[in-house]
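Trainee: In the working numbering, the protein residues as written are 25 to 489. Note that beta-carbon positions come from the ideal geometry of N, C-alpha and C, so glycine has one too. On a predicted model such as this, the values are computed, not experimentally measured, just so you know.
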RNA sequence: GGCGCCUUGGCGGAGUGGCUACGCAGCGGCCUGCAAAGCCGUUUACACCGGUUCGAUUCCGGUAGGCGCCUCCA
């Protein structure tokens with residue numbers, strides 16, 4: 025079991041995870057007001073793979089990614105779609121699950137929804153009111169920021185410099201401008217509401233996560249994650265609510281950087297599509313995953329046609345390796361099945377391959393440095409292409425499995441019979457030195473989507489990528 | 001204005017006080033009937049100015065430029 029270190033947003037320092045207790049990870053999931061885009065997929069991928077890595081190292085791990093299905097934007101979007109907001113949110117939640125399923129990384133251990141957590145939210149709000157940290161005002165409930173001295177410690181700002189913004193028409197209900205809503209009374213046009221001691225209404229965003237995290241992981245847990253855009257106010261407010269209520273809350277705050285459009289205009293005509301489902305359709309799941317781990321999770325990541333095509337090329341290089349070095353892919357099962365750590369891969373493989381695996385794992389243990397880890401994979405691929413490295417294919421499969429790319433070893437499906445016949449016909453033509461005919465057949469195969477590769481072992485049909 | 005981050009070779013993107021990141025693309029070569037795949041080689045790399053140091057891309061200060069958050073946002 026390696027010591028795993030993570031850069032903590034709160035302290036600014038690198039923190040070592042406690043190996044003696046379950047590593048509870050809570051990552052903020054999407055608000056389901058539309059299909060998710062490639063940027064939303066980043067935390068899903070990062071935290072899913074981080075949890076997978078921890079498990080492979082022997083850490084008892086529990087990953088929770090919530091779904092925010094109560095939100096202003098949902099009311100707006102549902103109205104525009106001419107649909108009830110509850111139905112709309114349910115449909116978008118299903119779409120989210122479907123899209124992220126296609127990433128092939130399995131599901132989190134729990135995916136709580138705000139709508140299923142309202143009872144706990146009401147309890148926590150009542151508790152905060154009792155403790156003097158919140159107050160009811162005109163059917164709304166607000167958090168009294170001045171009552172929590174630690175406010176601002178995560179985002180490193182002073183309350184004087186902050187502005188919580190104003191909920192429409194609610195400004196006058198607050199004691200202070202920087203107070204934020206915990207509960208909102210039902211407004212015109214809102215078709216969902218819940219009963220509470222303060223009347224019919226709905227929970228505000230920040231309190232949902234405080235309650236879902238605690239319900240799934242307890243009052244104190246190892247890692248709270250999410251996009252860096254959530255540091256303020258969302259995560260700052262979560263800390264205020266939970267700690268003011270006497271909960272120790274998260275030990276380490278782990279934030280992923282944003283996916284941006286790199287100055288390119290984000291449009292379909294430019295080819296730099298945005299939605300996760302579109303990226304999956306166009307580039308395939310392996311390329312999407314490879315792209316999302318191509319930079320360090322904390323750094324911004326530029327999205328565009330070029331970075332995606334590079335990911336496709338990278339992934340193709342790995343496929344080509346396995347075409348030459350087939351290995352038992354079924355050793356790794358992706359897509360929802362918990363991976364059981366096999367025998368220690370380093371000692372199991374040993375030698376140069378083992379050293380690469382060790383380097384790979386060390387990189388992941390060091391603030392989850394996926395680009396450095398992938399460099400080890402490519403180093404071993406090059407070495408094994410050059411000379412025979414014992415256990416290299418298995419070692420590479422093992423590493424790729426940890427980042428959700430084991431399927432690259434699956435091999436190609438059998439070409440259809442007609443293509444196979446044409447390939448043999450081409451062989452006859454080549455044997456007869458009729459290269460014109462051979463090339464003609466190769467062109468025909470190309471139009472069918474196959475590339476012919478001649479090797480010492482004979483020709484092979486490879487689907488064009 | 002406040003807080004934080006970034007500036008690495010054609011592009012993407014790690015990292016380090018002195019030693020090849022890695023990938024993509026280009027060019028030359030090997031292999032091949034020709035290709036593809038693979039292999040070998042290759043193209044002013046660390047924004048600028050000072051400082052610390054035997055030595056800085058890597059630490060400190062400043063300059064320029066870019067980005068994120070400060071309203072909802074992964």
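1. Residues in the same chain with beta-carbon distance under 6 Å from residue 124, minus the five sequence neighbours each way, listed in chain order, please.
2. Buried or exposed: residue 104, going by 16 or more other Cβ atoms within 10 Å of its Cβ?
3. Quick check: residue 203 and residue 256, are their CB atoms within less than 8 Å of each other?
4. Going residue by residue through the region 218-293, where are the continuous beta strand (DSSP E) segments of at least 3 residues, counting only ones entirely within it?
5. Tell whether a beta-carbon distance below 8 Å holds between residue 428 and residue 128.
6. DSSP beta-bridge partners for residue 478?
7. When the distance is taken between beta carbons, is residue 351 closer than 8 Å to residue 30?
8. Expressed to the nearest angstrom, what Euclidean distance is found between the alpha-carbon atoms of residue 309 and residue 410?
9. In the DSSP assignment, what residue or residues form a beta bridge with residue 47?
10. What is the rounded straight-line gap between the Cα of residue 380 and the Cα of residue 404?
11. Taking residue 140 as the reference, give the member of 152, 130, 32 and 94 with the closest Cα.
12. For residue 448, count neighbouring C-beta atoms within 10 Å of its own C-beta (all shown protein chains included) and say buried if the count is 16 or more, exposed if not.
13. Just checking, does the region 97-112 make contact with the region 146-154 on the three C-beta pairs under 8 Å criterion?
14. Does DSSP put residue 299 in a helix, a strand or coil?
15. With the cut-off set at 8 Å, would you say residue 346 and residue 462 are in Cβ contact?
16. From the DSSP output, in three-state form, read off residue 389 for me.
17. Quick check on residue 38: buried or exposed, where buried means 16 or more other Cβ atoms within 10 Å of its Cβ?
18. Leaving out five residues on either side along the sequence, give the residues of the same chain with a beta carbon under 8 Å from the beta carbon of residue 54.
19. Considering Cα atoms alone, identify which of 136, 70 and 219 is closest to residue 319.
20. Can you list, in chain order, the residues of its chain with a C-beta nearer than 8 Å to that of residue 26? Leave out the 5 residues immediately preceding and following it.
21. Would you say the region 196-210 touches the region 219-229, given that touching needs at least three Cβ pairs under 8 Å?
22. Once the 5 residues before and after residue 478 are set aside, which same chain residues still bring their CB inside 7 Å of it?
23. Indicate whether residue 283 and residue 62 have their beta-carbon atoms separated by less than 8 Å.
24. To the nearest angstrom, how far is the alpha carbon of residue 483 from that of residue 476?
25. Does DSSP put residue 32 in a helix, a strand or coil?
26. In its own chain, which residues sit with a C-beta less than 7 Å from the C-beta of residue 473, not counting the 5 before and 5 after it?
27. Go ahead and pull the three-state DSSP assignment for residue 488.
28. Quick one: give me the first and last residue of the alpha helix (DSSP H) that residue 80 is part of.
29. Within its chain, find whatever has a CB closer than 6 Å to the CB of residue 138; leave out the 5 residues flanking it on each side and keep chain order.
30. What runs of the alpha helix (DSSP H), each 4 residues or longer, lie entirely inside the region 95-146?
31. Using the beta-carbon count (16 or more within 10 Å), is residue 198 buried or exposed?
32. Taking the alpha helix (DSSP H) that residue 451 belongs to, which residues open and close that run?
Mentor: Looking at the atomic coordinates:
1. If the five residues before and after residue 124 are omitted, its C-beta is found closer than 6 Å to the C-beta atoms of 68, all from its own chain and listed in chain order.
2. By the neighbour-count rule (16 or more Cβ atoms within 10 Å), residue 104 is not buried but exposed.
3. Not closer than 8 Å, so no.
4. Segments of the beta strand (DSSP E) lying fully in the region 218-293: 225-227, 244-251 and 273-280.
5. Their beta carbons are under 8 Å apart, which means residue 428 touches residue 128 by this criterion.
6. Answer is 483.
7. No. Outside cutoff.
8. Going by the C-alpha atoms only, they are around 28 Å apart.
9. Paired residues: 85.
10. Linking residue 380 to residue 404 through their CA atoms gives a straight-line distance of about 7 Å.
11. The shortest C-alpha separation from residue 140 is found at 94.
12. With fewer than 16 Cβ atoms within 10 Å of its Cβ, residue 448 is classed as exposed.
13. Result no; under three Cβ-Cβ pairs closer than 8 Å.
14. Three-state result, residue 299: strand.
15. No; because the gap between Cβ atoms is not below 8 Å, this pair is not in contact.
16. Per DSSP, reduced to three states, the secondary structure at residue 389 is helical.
17. Note on residue 38: under 16 other CB atoms within 10 angstroms of its CB, so exposed under the neighbour-count rule.
18. Result list for residue 54: 60, 64, 91, 92 and 120, in chain order.
19. If we check each option's Cα against that of residue 319, 70 comes out closest.
20. 81, 385, 386 and 389, listed in sequence order.
21. Segments in contact, yes.
22. Counting only Cβ-Cβ distances below 7 Å, and skipping sequence neighbours, we find nothing.
23. Between residue 283 and residue 62, the C-beta spacing is below 8 Å.
24. Taking the CA atoms as reference points, residue 483 sits about 7 Å from residue 476.
25. DSSP places residue 32 in the coil class of the three-state scheme, outside both helix and strand.
26. By the criterion of a C-beta distance shorter than 7 Å, residue 473 is surrounded in its chain by 487 and 488, once the five residues flanking it on both sides are discounted.
27. Note: residue 488 maps to coil in three-state DSSP.
28. Taken as a continuous stretch (DSSP letters only), the alpha helix (DSSP H) holding residue 80 covers 62-80.
29. Closer than 6 Å at the Cβ level, and outside the excluded window around residue 138, lie 92, 93, 94 and 232.
30. Fully enclosed alpha helix (DSSP H) runs of no fewer than 4 residues occupy 96-104 and 109-125 of the region 95-146, in order along the chain.
31. Buried.
32. 441-455 is the extent of the alpha helix (DSSP H) around residue 451.
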